[in-house]
Structure formats: structure tokens, C-alpha cells
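Scroll down for the structure; my scribbles are underneath it.
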Amino acid sequence: MTESENTNMPFRIKDCTLIVRMAGLREAMNLRELEERISTCPVECLFHHFCETVIRPTFDDPDYPNDFAQWASRQLRDRVLAERLANINPYKFLSFEELRRATLEIIQERLSELDYIPWAPNGNVFHFMQAVTVVYDTGILIDSIKDLNDQLPYMSHGSIYYHFVEARRRTENGMDDFSVWLSDKKVETEALVKALSEIDFYFLSLAELKQTLIDTISGFVMGEIYA
Amino acid sequence: MRRILPKYESIIGEVSASKLRQVAVDLKGARVVHVNSTREGGGVAEILFWMIPLMNELGLEASWEVMEGNPEYFTATKSFHNGLQGNNVILTDKIIKSYEDTVAANADRLRPVLEEADFVVIHDPQPAMLYDLCPNRKGKWIWRCHIDVSKPNRKVWNYISSKVDRYDASIFSMPDFARKLNHPQFIIAPSIDPLSDKNRELSENDINRTLTEFNIDHDRPILCQISRFDRFKDPLGVIQAFKLLNGAFNAQLILAGGGATDDPEGAAVLEEVTDAAEGNESIHVMMLPSDAHRTINALQRASTVIIQKSLQEGFGLTVTEAMWKHKPVIGGNTGGIRLQVHNYHTGFLVNTPDGAALRIRKLLSRPDLIDIMGATAKEFVKENYLCNRQLRENLTLMLGLRRGLANHLITD
């Protein structure tokens, strides 16, 4: 398997780190203000609050994978809204404008259901943020699926995030980098690409995602060996 | 040069250390000058104490300059500090003149090194005006504000913001602490140094010696709050919570901390705390000197549960320190404590002495929970709040500033 695979380009493992900045918008003190700010905020801001939560220094909260849902639950004390917002998977949308519309739809629906506007307690406003991501080459090259299997346990969470999560923003068809690389291979990788595409990564922490990738790829490699 | 990164690597792991080295590659040779107001004492000096050698070991040329001034200047900057935190101070012409004359004198001394630097990091308001006095700047200037300036005295803020508005960027510890300025504002949380006296591993002997020194029973559960004797830390609320236990679990309470010399209220609060603890031999009130880092380390490590029942708090690095020592924390539901204490994972957030008493009971009755939550707390700090993360974010910001702050930068 390895010999024929090596005719393809090697996979370069990259890593990334990000630095968070204020988005320059006024903070939201209530649900109406959250709606107004989301309707005009830059897409980088939406991306940050929906997608970069996993890579930012923060506690993994499996209940609420995005910042809007967390704020709705913890500060607005509106569990109904929080559950609805938490269920948004941003990677299912073709564009961030669609994601924005879907988010606003949920908030507007909730506002229409309530007789009052939920407010956050004093000092618990929502700050709109975005991030600058710096990507760099680790210098590690992978030639084969077996190499990928061997290297995965040593990859940082930044590498996992960049290649499997953030990649969907960069690649055609919203694929992860591993699948793009595997799809170009001359060996049969369809089953593995399919298995990777079925990982519901948005609701996993990076540590959990890394373990899931290790399990998936090692399962494939073992299967190949035993076949 | 003595290499220290390998020592950190043994704690943070090869991947995190390698990440630091890689982020620093494009910054090799960059001249970075940090300027603050003191070389000893205080959180900023503690940060620079580890940051400068680490930056140098990563290939940057980092140096640390300290403002020189007379007592009038430090009185003036103390006024700024208090005013930025929202206290009512009066900004007199005399205060401003003292400040501006001293910064001008420092600028004459520091101008060559500051104007040549690739990055100048100005810490807090004391050196802020140096920017205006270094007209031939070649590098990027960053204002690192360690203070909560969310609700400042308006006149003080107007004055200081006029000095920092033209910087290339500013850094705040939390979004809640930031204030709008005419340049990008970044958020970098503070961190702890795992190799410092306050946080490094201690032997059982060291810990036991400290307990013996302060007449603390080795065999009974220890509850501990480390903090200044300050009303915002609510030491009286902690005593109230402890008394609500009614002697259950045979626990002991330690309230230990220093008193800031510039805090006239500290002595009054200490007296109130001592009065509240009087007659209860299970409560140990300790006034420690400001350099008692190893004692604090030992007390935190000896504790069963750490309390930080603040009513108002900055980031709350004492919580970080406790969590690093494998302890669950019962913390006040405020400030940066909320970023660190997560109910049922790393401790409990509480709003009242009753809430604190309830959570103390829960933890003392479940030693298995103490262990599990302590392990989660330590791992959480390792991932997020050790100094390698703070350094990495500082380097990332420098790379971003050098390359124009595009959202997605690929290094060479």
C-alpha cells in the first residue's frame, strides 16, 4: 500500500494559534441588542463565537458549543433559547450569511414568544470578539495513511483544529484537509473518507475529536492490515 | 545562557514547547523592550521575570526597562491607577506636572533603545506617555493594561487614553476589563508560572514544616482562602460559611494573606476578621509578608478545598494557583473566577456564605469528588493558564502586528 501511496504529495502538518480581539461593536445587554449586533457584525465575529470556541482558552462545555447559547443559558437564564442556539451546527450552512439568518431567526422567534426582553444581570454583557489566526508549518511530512496513524497522537489541538475543523472554511466542498489528501491517493480510501465525514465534530472538544480521529484512522489501518 | 525552556517542557509537554518555538521562528532577532514601573513586587514584575528569559531563549532580543522617579511621580501614578479602577481621584496640575516631568526624564534615558526596538510593550499607565516622547519610533507599540478600566474615573481615563490612543494595539486581561480605544484591542488572560516559588512542587516535608510552624493540625481537613484582607475578598463571609458547618468534618479554616501597604482599609478589615475568628481555635488568621510565596504554596498544597469567596475580583490568579495544585475551588460568582470555576467540574461558584457552606459540606463528604475535580482543575490550568500560553499569545500578537492583522496569516 505504502509504495503506491508515496507517488502522491506528502501531507504537511500545520499548526495554528490564535489571538482574540474585540470586534469593535458595543456589547449586548439584552436579547434585543444581541439580535441587532448579530445582524451587522462581521463574519469573522460570527465565526469566532460559533467555531473558534474550541481552540480558545476556555472550559469545554458539552452542553453549549457556541458563545451565544452559553450566554443565553448563563446570563439571560433562557434555557429554551439556549437549547435552540446550541443546536445550530455552523458547518451545515453554505455561507456565514445563511448562518447569520438562521441565528437571527431563532432569536426573533424567541422574542416573539416572550412578553418581555431578557436582560443579562449587571456586568454580564455579551462582548463581541473575533480572532487573528496564525498558521505555521510544523515541518512534519506524512507520506502514508500509516504515517498519519502514527503521527496523530502527537498532533497538537491546534493541528487538529486547523486540519479537521477550520479546513472546512478553506477547502472546496467544505472538506477537512485529511479527507482532501486521502481522496487524491491512489489507494482505496473511500471508506475512510466516508468515516471521517460522519464524525459529528462540532459537538466534541478538541481532545475528544482527536481521540475520535485516532480511533477512526487506526481502525481503518488495522482493517487494511487484517484484510 | 542558562536554558529554562526544557524545564518548562517537562511540565507543559513537548507539543506545547514545540509550538512556542515555531511561533517564535518568524520573530527571531526581533528587539522587544518591556517597560514597567518596578523590578520587584507586583504582578507585572512577576510576569516579566519569566517572560524576558523565555523570549530570549526563543531567539528574540528581549529587554526590560524600569521607570525611575521620585515619590511624587509614584503618588501621581497611584492616583492614575486608582482613578482607572473607578475611584474618585482629583487630577491636579501638580500631579500631571510630576508625571509628565518624570516620564520626560525617563524618555531622555530610554529614547535610543525604544526608538530602535521592533516592539515596545508599555505596561500600565506609569510609562504610557513615552510614546509621545519617542517621535522616531521604528517598531510597533503595545499598551499592556493589567488594570480593570471598564468603569474608570472619566477625567483620569480621558488623560491616559490621550496618551495611549495612538499606540498600535492594546492588550487587556479580559473583555470585561477593556475600554474602547482607536486601535485594535486584544485579550490575553494572565497566567501562572509553574516554576515560581509560589507554584513549584514542594516536598511533603516542606508542606508539613509550614503546617507545624503555624500550629495547623496535619490530620484534619483544611479549608483555605489566600487573599489580601480586603472587603471585596469577603473574609467575613468565609468565616460565616465556616461557622455554618457547626464543627462538621472537624475542619479547620485558614485565612492568609498580605496587606498592601497602600491600603489603609486593610488593617481595619484584618481587625474585623480577627474579631470574628476570636475564640474559635479552628480558624487561623495569618498576616503574611508580601514575599511569603513558599508559605502560600505550602498552605495551598496542604488544603483539602480552596475558597475564594470574592464579591468582586479581577482575573483571580489565586484560583488558578489553587487549581494548579490539584484543588477544587469554591469561588465567588464574579470576574475571572467565573472563567475558571465550573460547577461540578473544577469547583463550585457561590453567591452567599450559605452557598459556600453547602458546597464545603458537599466536597468534604465526597473525597472522591475532591480528587476528580482537582484533577480536572489541574488539567484545565495546564491547557489554558500556564505562562507558555500567555507567551504564545504575545508572540502571536507580535506576528499579527508585523503582518498587518489579517484574519488568517500563514508564516513563512
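As they're listed, the protein sequences go chains A and B.
Be aware that the first sequence starts at 1, since it is given in the working numbering, and climbs by one per residue.
Be aware that the second sequence starts at 1001, since it is given in the working numbering, and climbs by one per residue.
All C-beta atoms, glycine included, are put in the ideal place defined by N, C-alpha and C.
Predicted model, so just to flag it, every value in this text is computed and none were measured.
*Hey, is glutamine 1308 (chain B)'s beta-carbon within less than 8 angstroms of any beta-carbon in chain A?*
The Cβ of glutamine 1308 (chain B) sits no closer than 8 angstroms to any Cβ of chain A.
*chain B partners of aspartate 15 (chain A), CB-CB under 7 angstroms?*
Around aspartate 15 (chain A), the beta-carbon contacts reaching into chain B at under 7 angstroms are Lys1019 and Gln1022.
_Coarse secondary structure for histidine 1183 (chain B), derived from DSSP in three states_ = Secondary structure at histidine 1183 (chain B): coil, using DSSP grouped into helix, strand and coil.
_Rounded C-alpha distance that separates arginine 74 (chain A) from glutamate 190 (chain A)_ = Arginine 74 (chain A) and glutamate 190 (chain A): Cα-Cα distance of roughly 43 angstroms.
*From leucine 1405 (chain B) to threonine 133 (chain A), what does the alpha carbon distance come to, in whole angstroms?*
Cα to Cα, the separation comes out at about 9 angstroms.
*For glutamine 1308 (chain B), the first and last residue of its enclosing alpha helix (DSSP H)*: Taken as a continuous stretch (DSSP letters only), glutamine 1308 (chain B) belongs to no alpha helix (DSSP H), being part of the beta strand (DSSP E) at 1305-1308.
*Which first and last residues belong to the beta strand (DSSP E) in which lysine 14 (chain A) is found?*
Its beta strand (DSSP E) spans residues 11-22.
_Distance between glutamine 1308 (chain B) and isoleucine 183 (chain A) (C-alpha atoms, nearest Å)_ = Checking the displayed sequence, the identity of residue 183 (chain A) turns out to be serine instead of isoleucine. So the two alpha carbons sit approximately 53 angstroms from each other.
*Name the residue from A:Arg100, A:Phe68 and A:Pro90 whose alpha carbon lies nearest to the alpha carbon of valine 80 (chain A).*
Of the candidates A:Arg100, A:Phe68 and A:Pro90, the residue whose Cα lies closest to the Cα of valine 80 (chain A) is A:Phe68.
*asked:* Using 8 angstroms as the threshold, is the C-beta distance between valine 1305 (chain B) and lysine 1325 (chain B) below it?
replied: Not in contact: valine 1305 (chain B) and lysine 1325 (chain B) (Cβ atoms no closer than 8 angstroms).
*Determine, using beta-carbon pairs with one atom in the region 1374-1394 of chain B and one in the region 1338-1351 of chain B, whether at least three such pairs fall under 8 angstroms.*
A contact exists between the region 1374-1394 of chain B and the region 1338-1351 of chain B.
*Rank B:Arg1166, B:Gln1300, B:Asp1275 and B:Glu1072 by C-alpha distance to the C-alpha of aspartate 943 (chain B) and give the top, closest one.*
With chain B covering 1001 to 1412 only, the question about residue 943 (chain B) has no answer from this structure.
*Under the DSSP definition of a beta bridge, which residues are partnered with phenylalanine 1119 (chain B)?*
According to DSSP, phenylalanine 1119 (chain B) bridges with B:Val1032 and B:Lys1140.
_I want to see whether chain B comes within less than 8 angstroms of proline 57 (chain A), judged by CB atoms only; does it?_
A Cβ of chain B is located within less than 8 angstroms of the beta carbon of proline 57 (chain A).
*Whose C-beta lies closer than 7 angstroms to the C-beta of glutamate 1116 (chain B) among residues of the same chain, with five residues either side of it excluded?*
Answer for glutamate 1116 (chain B): Arg1031 and Lys1138, listed in chain order.
*asked:* Along the chain, where does the beta strand (DSSP E) containing tyrosine 154 (chain A) start, and where does it finish?
replied: If you look at tyrosine 154 (chain A), you'll find it isn't in any beta strand (DSSP E); DSSP assigns it neither H nor E.
*Quick one: Cα of glycine 1013 (chain B) to Cα of phenylalanine 11 (chain A), how far?*
The straight-line gap from Cα to Cα measures roughly 24 angstroms.
*Identify the contact partners of valine 187 (chain A) in chain B, using a Cβ-Cβ distance below 8 angstroms as the criterion.*
Neighbours of valine 187 (chain A) on chain B: none; closest Cβ ~29 angstroms, over 8 angstroms.
*How many Å lie between glutamine 108 (chain A) and tyrosine 1073 (chain B) at the Cα?*
Taking the straight line from one Cα to the other gives about 54 angstroms.
_Quick check on the burial criterion: 16 or more other C-beta atoms within 10 angstroms. Buried or exposed for methionine 1174 (chain B)?_
Here methionine 1174 (chain B) is buried, its C-beta having at least 16 other C-beta atoms within 10 Å.
*asked:* Can you look up alanine 1462 (chain B) in the DSSP assignment and give me helix, strand or coil?
replied: This structure cannot speak to residue 1462 (chain B), because chain B is shown only from 1001 to 1412.
*From arginine 1402 (chain B) to valine 125 (chain A), what distance separates their C-alpha atoms?*
Going from the Cα of arginine 1402 (chain B) to the Cα of valine 125 (chain A) covers about 32 angstroms.
*Would you kindly work out how many angstroms separate the C-alpha atoms of aspartate 137 (chain A) and tyrosine 1008 (chain B), rounded to a whole number?*
Looking at the backbone, the Cα of aspartate 137 (chain A) and that of tyrosine 1008 (chain B) are separated by about 23 angstroms.
*asked:* Just checking: is the beta-carbon of glutamate 1393 (chain B) within a distance shorter than 8 angstroms of some beta-carbon in chain A?
replied: With 8 angstroms as the cut-off, glutamate 1393 (chain B) counts as an interface residue toward chain A.
*asked:* If you measure between the beta carbons of histidine 988 (chain B) and lysine 1163 (chain B), is that distance less than 8 angstroms?
replied: Because residue 988 (chain B) is not part of the residues shown, which for chain B are 1001 to 1412, the question remains open.
*Listed from N- to C-terminal order along the chain, which residues in the region 132-144 of chain A have their beta-carbon within a distance smaller than 9 angstroms of any beta-carbon of chain B?*
Of all residues in the region 132-144 of chain A, only Val132, Thr133, Val134, Val135, Tyr136, Asp137, Thr138 and Gly139 come within less than 9 angstroms of chain B when Cβ atoms are compared, listed by chain position.
*Just by C-beta distance, which residues in the region 1182-1206 of chain B are closer than 8 angstroms to chain A?*
If you check each beta-carbon in the region 1182-1206 of chain B against every beta-carbon of chain A, the ones closer than 8 angstroms belong to Pro1184, Gln1185, Phe1186, Ile1187, Ile1188 and Ala1189.
_CA-to-CA distance, serine 1203 (chain B) to arginine 1220 (chain B), given in whole angstroms_ = Pairing arginine 1220 (chain B) with serine 1203 (chain B), the inter-Cα distance amounts to about 19 angstroms.
*Could you spell out the range, first to last residue, of the alpha helix (DSSP H) harbouring alanine 191 (chain A)?*
Counting along the chain, alanine 191 (chain A) sits inside the alpha helix (DSSP H) bounded by residues 190-197.
*With distances taken from CA atoms, which of B:Asn1136, B:Lys1140 and B:Asn1106 is nearest glutamine 1126 (chain B)?*
Closest option to glutamine 1126 (chain B), Cα to Cα, is B:Asn1106.
*Roughly how many angstroms separate the alpha carbons of isoleucine 1360 (chain B) and valine 1329 (chain B), rounded to a whole number?*
Their Cα atoms are separated by approximately 10 angstroms.
*In whole angstroms, what separates the C-alpha of methionine 1055 (chain B) from that of glutamate 1061 (chain B)?*
For the pair methionine 1055 (chain B) and glutamate 1061 (chain B), the Cα-to-Cα distance works out to about 7 angstroms.
_Interface positions of the region 148-160 of chain A facing chain B (Cβ-Cβ less than 7 angstroms), listed along the chain_ = Cβ contacts with chain B: Tyr154, Ser156 and Gly158.
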